[in-house]
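*Asks:* Sequences listed follow chains A and B, in order. Going by my numbering, the final residue of the first sequence carries number 285, and the count climbs one at a time with no gaps. Going by my numbering, the final residue of the second sequence carries number 556, and the count climbs one at a time with no gaps. No residue lacks a Cβ here, since even glycine has one placed at the ideal position from N, Cα and C.
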Amino acid sequence: MRGAWRLPPLAERSAGPPTALRLGGAIGGGLLLLVLGLPLLALLLRVEPGRLLGRLTDPVVLQALWLSLVTSAAAAALVVALGLPVAYLLATRSFRGKRLVEVLVDLPMVLPPTVAGLALLLAFGRTGLAGRAFGLLGLSVPFTTLAVVLAQVFMASPFFVTAARAGFRSVDRRYRDAAATLRASEPVAFLRVMVPLSAPALLAGAAMAWARALGEFGATITFAGNLPGRTQTMPLAVYVALQEDLELAVTLSIILVVLSVALLVGLRSLPGLAPADPDARDQGR
Amino acid sequence: MRAALPLLLAAACWSPPTAAQEAGTLTVFAAASLSRAFEELGGVFEHARPGIVVRFNFAGSQQLAVQLEHGARADLFASADERWMRYTEDRGLLAAPPRLFAHNRLIVIVPAGGSIPVRRLQDLARPGTKLVLAAEAVPAGRYSREVLARMEAAPGFPRGFARQVLANLVSEEENVRAVVAKIQLGEADAGMVYASDASGNAAARLTLLAIPDELNVLASYPIAPLRGARAPGLAKAFVELLLGIEGRRILERHGFVPAAREGSVAPAAAR
Chain A
1 MRGAWRLPPL AERSAGPPTA LRLGGAIGGG LLLLVLGLPL LALLLRVEPG RLLGRLTDPV
61 VLQALWLSLV TSAAAAALVV ALGLPVAYLL ATRSFRGKRL VEVLVDLPMV LPPTVAGLAL
121 LLAFGRTGLA GRAFGLLGLS VPFTTLAVVL AQVFMASPFF VTAARAGFRS VDRRYRDAAA
181 TLRASEPVAF LRVMVPLSAP ALLAGAAMAW ARALGEFGAT ITFAGNLPGR TQTMPLAVYV
241 ALQEDLELAV TLSIILVVLS VALLVGLRSL PGLAPADPDA RDQGR
Chain B
286 MRAALPLLLA AACWSPPTAA QEAGTLTVFA AASLSRAFEE LGGVFEHARP GIVVRFNFAG
346 SQQLAVQLEH GARADLFASA DERWMRYTED RGLLAAPPRL FAHNRLIVIV PAGGSIPVRR
406 LQDLARPGTK LVLAAEAVPA GRYSREVLAR MEAAPGFPRG FARQVLANLV SEEENVRAVV
466 AKIQLGEADA GMVYASDASG NAAARLTLLA IPDELNVLAS YPIAPLRGAR APGLAKAFVE
526 LLLGIEGRRI LERHGFVPAA REGSVAPAAA R
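1) Assign histidine 355(B) to buried or exposed, taking buried as 16 or more other Cβ atoms, counted over all protein chains shown, within 10 Å of its Cβ.
2) Between which two residues does the beta strand (DSSP E) carrying aspartate 388(B) extend?
3) DSSP puts alanine 458(B) in a beta bridge; with which residues?
4) Measuring alpha carbon to alpha carbon, tell me which residue in Lys415(B), Arg340(B), Ala315(B) and Val395(B) is nearest alanine 516(B).
5) Use the C-beta contact count for valine 149(A): other C-beta atoms within 10 angstroms, 16 or more gives buried, fewer gives exposed.
6) Is the beta carbon of methionine 234(A) closer than 8 Å to that of serine 68(A)?
7) Hey, valine 171(A) and valine 105(A): beta-carbon distance below 8 Å or not?
8) Rounded to whole angstroms, what is the Cα-Cα separation between phenylalanine 523(B) and aspartate 474(B)?
9) Applying a beta-carbon distance threshold of less than 8 Å, which residues of chain A neighbour glutamate 472(B)?
10) Just to confirm before moving on: does the CB-CB distance between valine 153(A) and tyrosine 175(A) stay below 8 Å?
11) The alpha helix (DSSP H) spanning threonine 145(A) covers which residue range?
12) For the stretch 444-464 of chain B, list every residue whose C-beta sits within 9 Å of some C-beta in chain A, in sequence order.
13) In terms of residue numbering, what span does the beta strand (DSSP E) encompassing glycine 476(B) cover?
14) From Ala544(B), Thr492(B) and Val461(B), pick the residue whose C-alpha is nearest to that of proline 405(B); which is it?
15) Expressed to the nearest angstrom, what Euclidean distance is found between the alpha-carbon atoms of glycine 266(A) and alanine 211(A)?
16) Indicate the three-state DSSP secondary structure (helix, strand or coil) for arginine 233(B) in the structure shown.
17) Could you name the residues of the stretch 342-364 of chain B whose beta carbon sits closer than 8 Å to any beta carbon of chain A, in the order they occur along the chain?
18) Might you give, ordered along the chain, the residues of its own chain that have their beta carbon closer than 7 Å to the beta carbon of phenylalanine 442(B), omitting 5 neighbours on each side?
19) If you pair each beta-carbon of the stretch 413-433 of chain B with each one of the stretch 527-538 of chain B, do three or more pairs fall below 8 Å?
20) Considering only residues of the stretch 326-379 of chain B, which uninterrupted beta strand (DSSP E) runs meet the minimum length of 3 residues and lie entirely inside it, listed in chain order?
21) Tell me which residues of the stretch 413-424 of chain B have at least one Cβ-Cβ distance to chain A shorter than 9 Å, keeping chain order.
22) Within 8 Å, do at least three Cβ pairs link the stretch 445-456 of chain B to the stretch 504-519 of chain B?
23) By how many angstroms is the C-alpha of glutamate 216(A) removed from the C-alpha of alanine 224(A)?
24) Which of the residues in the stretch 239-261 of chain A, read from start to end, lie with their CB under 8 Å from any CB of chain B?
25) Pull the bridge partners of serine 505(B) from the DSSP assignment, please.
26) Who are the neighbours of leucine 227(A) on chain B, taking C-beta pairs under 8 Å?
27) Start and end of the beta strand (DSSP E) containing leucine 493(B)?
28) Consider the Cβ of alanine 419(B): report whether some Cβ of chain D lies at a distance smaller than 8 Å.
29) Using beta carbons (cut-off 8 Å, strictly below), is arginine 538(B) in contact with chain A?
30) DSSP three-state call for phenylalanine 314(B): helix, strand or coil?
31) Which runs of the alpha helix (DSSP H) spanning at least 4 residues fall entirely within the stretch 34-84 of chain A, listed in chain order?
32) With DSSP collapsed to three states, give me the class of valine 395(B).
33) By DSSP, does valine 141(A) sit in helix, in strand, or in coil?
34) In the DSSP assignment, what are the bridge partners of proline 510(B)?
35) Would you report the Cα separation of methionine 155(A) and leucine 248(A), rounded to the nearest angstrom?
36) What does the Cβ neighbour count give for arginine 376(B), buried or exposed, with the cut at 16 atoms within 10 Å?
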């Protein structure tokens, strides 16, 4: 591996960490896994499998499921298409205002989704900054499926851009230089060298963004409203069902959890695109 | 590290009860539509009793009922309809029978200077009008649909009116305040909310369309002390203030119709 610096195997190192620390670590780690895992287990145990299957064909479930899949896939595709150049720029260039762009890109990750929804409304709403211009074209965004996608793009983009930026950064500079020496234009080098070499990171980022879009709630209900079949995605359907029909809410929740897990696992383990040896990627430039 | 962790966990578990255990804190779970009136009432209550703090949890009645069912601690529950009060009663959560303290009417709200004018109730059915209502699980949402059904049966409204209006629905909001916000922002053309939601500051950006009494639904607001209350004495005093002259005046000012006085209890006479 081109002389990559490696940690010596565990056995070769001097005595491991003190027992107390190791015990504390085990307890702490176990507690966290419990806090993360127990709620999911409780959700799964709440409804009998037979009844769960019976409710899968409930029109509310099917409608929300279809809408969620379509909107989140569209949002993920948009995030990847629009996020790639931004991530590439942030990873390979330094320019004035780069800090600002980085903060702007990361902000939705820490912003309360309701705030995002309100901001979207004030920007793209009928009386909003850009919304007025849309209105002249006869377009009205709020309360439409497009608004759902927009809210998802807003909330999910940092997850992809962050991963893609890290992926591009970890590509050895010499590969880029080599491509330049071979007179590959930058777009060609980008497509033939950078994207394939950072594919695992790009895929992981896309999976995260897709899963985040699937789970989007606060920005959606604020910006797109809640109407079955048009803007009521799975998370909104869970919220509404929670007020009247607990079993339906649990059913919807389980589907959402299964989908999210499938996304996170599936996209990361696509055949032929398994992450390369981490040592090969992590080495310095 | 190891010593700190249990301590930290203990502290995290321990602090909320102490806050609530203080004899000087009254915790009230109240329907979202009551927020402004109850906040004012709470101010009056605190002013008269130095050192006493009133904490409110405002949310949809159905949400509060479910929170209480799952062990949330409070001294009083004020619901926007009798259904969710009955829900808590059926689950043995109440310490005494609920008492009616106010009524609320529905009203149609339109953004002031809106681009698609809704001038009469009949305009709600005009295609392209963007209508926002509370979801059906929310009391206000159920009442709204009831009012539409009554309109359809009344002279001056076409057949199929309710269906035509509901075809204009662009969003079912999870509480009444969210409906008001969408109209204030001018994002929708009409909504149906409680008269109390469109009073005071909230009315600034709204145009109001009254719904005649014979077509309207009178929402009833009951309040009841909860079992396991930490401050039952304060709870009782708060209910008395609410049912008394001052409470009625505050409710009225916020667009509510105070309930007819209960002869046997005569809370107002105490003042």
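*Replies:* So, from the listed chains and residues:
1) exposed
2) The amino acid at residue 388(B) is misidentified as aspartate; the sequence shows histidine. Run containing histidine 388(B): 384-389, per the beta strand (DSSP E) assignment.
3) According to the sequence as given, residue 458(B) is glutamate; it is not alanine. DSSP, once it has assigned bridges, lists Ala419(B) as partnering glutamate 458(B).
4) Nearest to alanine 516(B) by C-alpha distance, out of Lys415(B), Arg340(B), Ala315(B) and Val395(B), is Arg340(B).
5) buried
6) yes
7) no
8) 39 Å
9) Chain A residues near glutamate 472(B): Leu121, Gly125, Arg126, Thr127, Pro142 and Phe143.
10) no
11) 145-169
12) Leu454, Val455, Ser456, Glu457, Glu458, Glu459 and Ala463
13) Here the beta strand (DSSP E) through glycine 476(B) covers 475-479.
14) According to the sequence provided, residue 405(B) is arginine. The question's proline does not apply to it. Looking at the Cα atoms, Thr492(B) is the closest of the given residues.
15) 11 Å
16) Outside the shown range of chain B, which is 286 to 556, sits residue 233(B), and nothing can be said about it.
17) The residues in question are Gly345, Gln347, Gln348 and Val351.
18) Gln407 and Met436
19) no
20) 338-344 and 361-363
21) Answer in chain order: Lys415, Val417, Ala420, Glu421, Ala422 and Val423.
22) Verdict: no, contact absent.
23) 12 Å
24) Tyr239, Val240, Leu242, Gln243 and Glu244
25) His388(B)
26) Leu454, Val455, Ser456 and Glu457
27) 491-495
28) Absent from the structure: chain D. Protein chains present are A and B.
29) no
30) strand
31) 49-55
32) strand
33) coil
34) Leu361(B)
35) Taking the CA atoms as reference points, methionine 155(A) sits about 26 Å from leucine 248(A).
36) Label assigned to arginine 376(B): exposed.
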